[in-house]
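8 is the number of the first residue of the sequence shown in our numbering; add one for each residue after it.
For reference, the structure discussed in these notes is given below.
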Amino acid sequence: MPTVQAWTGRETRALLQALRMSIRDFAENLGVSERTVSKWEAGRDAVRPRPEMQAALDTALSRAGSQAADRFVAATSRVVLQHAPVGAGYRVQSHKFIPAYTSPSAATKLATQGLFQRRPHEWLDVSIAGLPHPEGICTAHVFECGVVVLHIVQELHFRTLAALAAWRYASYEEDVPWAADQVARLLSPASSSDHVAPEYVLSMYVLQESAWTGDELENALRLMSLPSVLVNRRARPCPEPVGDDVELRLLAQGFDQPSVQSFGVHGVSLGYASWAGVAYHALSPEQALMVDDLVSCEVDVQMLWAYCRHIQRQVEDGRDPAMPPEFGWRFLRAAHSRLTTARARETAQHCMMREAALSTSGLPARLMQAQAALRETAALSGRVDA
């Protein structure tokens, strides 16, 4: 069983992920508040839990199963040697979301497998299972409407932002076929032949240790949300990072890109979203959004985006889109309302995060288009009034 000499934010975060627990469940297991765990998770290496909490974390690790222990060792011992020496640069937690449409029937069969566990969701049943990933931790979310969303978490250490951008493009070349293989493996026992392979990867970066301050820090987050400006995409076989001089200029002067939308709160957090990704940094972990909040929002957005894309594909193929009645136009109308209308107990930070994710993804328009297509098909078949 692995041991830890001194628990810091990095080891605590690795244990939470290795146990595949939410922040809430992890906090309850340790007997502390969610905010305390969130502070540990978002903190630098120097942020250490109190001695009694160190002992509680030791106990939690000792009780972990062998697979969880292996995941913990892999997360804490992995060093990205080609990026930067220890102590230089910055650290970021990468979250990748890879959605794929399967079918409601396939999703139902998947959810009944022993691998998956049903988890509560605000408005749609979802089943979750851990999948092996060569360089991180992967969780598969299977929604009853027929969409699988793979969520991959990786801890990274880079010297420059351009290195992160280049890594992003290079890793995507491996992520999409890997995800397609995983979806195919999951669906094999479900006997489904109508699934669609993943088309894209959406990234979210949570900055854990910053190498910048002031305006440079804000510009760094903006660049993380739209990393294409930091690579030469014409380079072959893979895009190459721009020179340090270009990055330094962009950090100092910023760059004008209207598609990047801010959702941070002054003195609390920095957050930016674009069509290419999301970047977030908690200035005050006790007050900022928790990582689970960001992940839950993006999982829902990418699930619905993939669902609407499947409907769009049928329309573009010259077919009337056919979906089960329970996931027809009324389902999309309800989804549109839930995503675009603030909840009574929702904080301003949650509203800003959700609005940024929706507006930059273009999902509201896709929901309306898919809803109209399904409603037209239903009207033509005589199920509803035209």
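Beta carbons: idealized from backbone N, C-alpha and C, even for Gly.
When burial is assigned at 16 or more other CB atoms within 10 Å of the CB, is S199 buried or exposed?
Along the sequence shown, read from residue 1 onward, the residue named residue 199 stands at position 192. In this prediction, S199 has a pLDDT of 48, which is less than 50 and means its spatial position is unreliable; nothing more can be read from the coordinates.
Identify which residue in V11, R20, T15, W14 has its Cα closest to the Cα of V213.
Here residue 213 is taken as the residue at index 206 of the sequence shown, counted from 1. It is R20.
Restricting to Cα atoms, I'd like to know which of Q356, M375, R42, V249 is closest to S269.
The residue given as residue 269 occupies position 262 in the sequence shown. Taking only the C-alpha atoms, the option nearest S269 is Q356.
Is L224 close to the ligand GTP? I mean its beta-carbon at under 7 angstroms from any heavy atom of the ligand.
What this structure holds is no ligand at all, so the ligand GTP is not there to describe.
Using the rule of at least 16 other Cβ atoms within 10 Å of the residue's Cβ for burial, across every protein chain shown, is S101 buried or exposed?
Along the sequence shown, one-based indexing puts residue 101 at 94. It counts as buried.
Could you tell me the distance, in whole angstroms, from the CA atom of S368 to the CA atom of L163?
For the purposes of this step, residue 368 is taken as residue 361 along the sequence shown, with counting starting at 1. For the purposes of this step, residue 163 is taken as residue 156 along the sequence shown, with counting starting at 1. Distance between the alpha carbons of S368 and L163: 25 angstroms.
Could you spell out the range, first to last residue, of the alpha helix (DSSP H) harbouring F33?
Position 26 of the sequence shown holds residue 33. From DSSP, the alpha helix (DSSP H) with F33 extends over 30-37.
Give every residue of the same chain whose Cβ lies closer than 6 angstroms to the Cβ of K103, excluding the five residues on either side of it in the sequence, and list them in chain order.
In the sequence shown, counting from the first residue as 1, residue 103 sits at position 96. The residues are I159, V208, S210.
Might you give, ordered along the chain, the residues of its own chain that have their beta carbon closer than 6 angstroms to the beta carbon of A53, omitting 5 neighbours on each side?
Here residue 53 is taken as the residue at index 46 of the sequence shown, counted from 1. Per-residue confidence for A53 stands at a pLDDT of 44, beneath the threshold of 50, marking its modelled position as unreliable; no derived number is given.
Please name the residue, chosen from A114, E254, L171, that lies closest to A147 on a Cα-to-Cα basis.
As a first step, residue 147 must be located in the sequence shown, where it is residue number 140. Among A114, E254, L171, the Cα nearest to that of A147 is on A114.
If you reduce the DSSP assignment to three classes, tell me which class Y207 lands in.
As a working mapping, residue 207 is identified with position 200 in the sequence shown. Coil.
Relative to the C-alpha of L131, which residue among A25, V308, R382, R256 is closest?
What you label residue 131 is simply residue 124 of the sequence shown in a count that begins at 1. For the residues A25, V308, R382, R256, the minimum Cα distance to L131 belongs to V308.
Cutting at 8 angstroms between CB atoms, please list the residues of its own chain near L301, excluding the five before and the five after it.
Position 294 of the sequence shown, counted from the first residue, corresponds to residue 301. Once the five neighbours on either side are set aside, the close Cβ partners of L301 are H102, M211, V213, V285, Y287, M360.
Does the distance from the CB of C315 to the CB of R373 come in under 8 angstroms?
Looking up residue 315 in the sequence shown gives position 308. Looking up residue 373 in the sequence shown gives position 366. It is a contact, given that the beta carbons lie within the stated cut-off.
Counting along the chain, where does the alpha helix (DSSP H) carrying S40 start and finish?
Stepping through the sequence shown from its first residue, residue 40 is reached at position 33. Note, S40: premise wrong, no alpha helix (DSSP H); not H, not E.
Just to confirm before moving on: does the CB-CB distance between L277 and L257 stay below 8 angstroms?
Along the sequence shown, one-based indexing puts residue 277 at 270. Along the sequence shown, one-based indexing puts residue 257 at 250. Against a cut-off of 8 angstroms, the Cβ pair of L257 and L277 comes out as no contact.
Under 8 angstroms by Cβ, that's how I've got L247 and V236 pegged, so tell me the actual separation to the nearest angstrom.
Along the sequence shown, one-based indexing puts residue 247 at 240. Along the sequence shown, one-based indexing puts residue 236 at 229. It should be noted that the sequence gives Glu, not Leu, for residue 247. The pair is not a contact, with the Cβ atoms about 13 angstroms apart (cut-off 8 angstroms).
Am I right that I105 and D182 are in contact with their C-beta atoms under 8 angstroms? What's the rounded C-beta distance?
On the sequence shown, position 98 is the one that residue 105 refers to. On the sequence shown, position 175 is the one that residue 182 refers to. Going by Cβ atoms, the distance from I105 to D182 rounds to 6 angstroms, so yes, they are a contact pair.
Using DSSP with H/G/I as helix, E/B as strand and the rest coil, what is A91?
Taking the first residue of the sequence shown as 1, we reach residue 91 at position 84. Caution is warranted here: a pLDDT of 35 is assigned to A91, below 50, making its placement in the model unreliable, and the coordinate value is therefore given only provisionally. If DSSP states are grouped into helix, strand and coil, A91 belongs with coil.
Would you list the one or two residues that DSSP bridges to L157?
Residue numbering aside, residue 157 sits at position 150 when the sequence shown is read from its first letter. Looking at the DSSP assignment, L157 forms a beta bridge with I105, A147.
Considering Q321, what are the terminal residues of the alpha helix (DSSP H) in which it resides?
Against the sequence shown, residue 321 aligns to sequence position 314. From DSSP, the alpha helix (DSSP H) with Q321 extends over 298-323.
Can you check which of these residues, A364, L296, A386, is closest to W336 by C-alpha distance?
Locating residue 336 in the sequence shown gives position 329, where the first residue counts as 1. Checked all of A364, L296, A386; the closest Cα to W336 is A386.
Figure out for me which residue from W47, P141, W312, S29 has the closest Cα to the Cα of Q378.
Reading the sequence shown from its first residue, position 371 is the one you call residue 378. The shortest Cα separation from Q378 among W47, P141, W312, S29 belongs to W312.
Going by beta carbon distance, what residues of the same chain come within less than 6 angstroms of N226, once the five residues before and after it are set aside?
Taking the sequence shown and counting its residues from 1, one reaches residue 226 at position 219. L258, G261.
Reducing DSSP to helix, strand and coil, say where L131 ends up.
In the sequence shown, residue 131 corresponds to position 124, counting from 1. Three-state DSSP puts L131 in coil, outside helix and strand.
From the DSSP output, in three-state form, read off F165 for me.
On the sequence shown, position 158 is the one that residue 165 refers to. Strand.
Closer than 6 angstroms by C-beta to R125: which residues in its own chain qualify, once you throw out the five before and the five after it? Chain order, please.
Your numbering for residue 125 matches position 118 in the sequence shown. Closer than 6 angstroms at the Cβ level, and outside the excluded window around R125, lie S134.
Whole angstroms are fine: how far does the CA of C304 sit from the CA of D222?
Sequence index remark: in the sequence shown, residue 222 carries index 215 (1-based). Sequence index remark: in the sequence shown, residue 304 carries index 297 (1-based). About 27 angstroms.
Taking the straight line between their C-alpha atoms, what separation do you get for R70 and L26?
Your numbering for residue 70 matches position 63 in the sequence shown. Your numbering for residue 26 matches position 19 in the sequence shown. Roughly 10 angstroms separates the two Cα atoms.
Quick check: what's the CA-CA separation for E362 versus L370?
Along the sequence shown, read from residue 1 onward, the residue named residue 362 stands at position 355. Along the sequence shown, read from residue 1 onward, the residue named residue 370 stands at position 363. Approximately 11 angstroms, taken between the alpha carbons.
How would you call E180, buried or exposed, if buried means at least 16 neighbouring beta carbons within 10 angstroms?
Along the sequence shown, read from residue 1 onward, the residue named residue 180 stands at position 173. Exposed, because fewer than 16 other Cβ atoms sit within 10 Å of the Cβ of E180.
Taking 6 angstroms as the limit between beta carbons, can you name the residues of its chain near S281, skipping five residues before and five after?
One-based indexing of the sequence shown puts residue 281 at position 274. Closer than 6 angstroms at the Cβ level, and outside the excluded window around S281, lie S232, L233, S266, V267, T367.
Taking the straight line between their C-alpha atoms, what separation do you get for L228 and S217?
Counted from its first residue, the sequence shown places residue 228 at position 221. Counted from its first residue, the sequence shown places residue 217 at position 210. Taking the straight line from one Cα to the other gives about 10 angstroms.
How would you write the range of the alpha helix (DSSP H) that L277 sits in, first residue to last?
Reading the sequence shown from its first residue, position 270 is the one you call residue 277. Note, L277: premise wrong, no alpha helix (DSSP H); beta strand (DSSP E) at 276-280.
Helix, strand or coil: which one does DSSP assign to R352?
For this step, residue 352 is matched to residue 345 along the sequence shown. Reduced to three states, the DSSP call for R352 is coil.
Rounded to a whole number of angstroms, what is the C-alpha to C-alpha distance between Q120 and F79?
Here the question's residue 120 lines up with position 113 in the sequence shown. Here the question's residue 79 lines up with position 72 in the sequence shown. Going by the C-alpha atoms only, they are around 25 angstroms apart.
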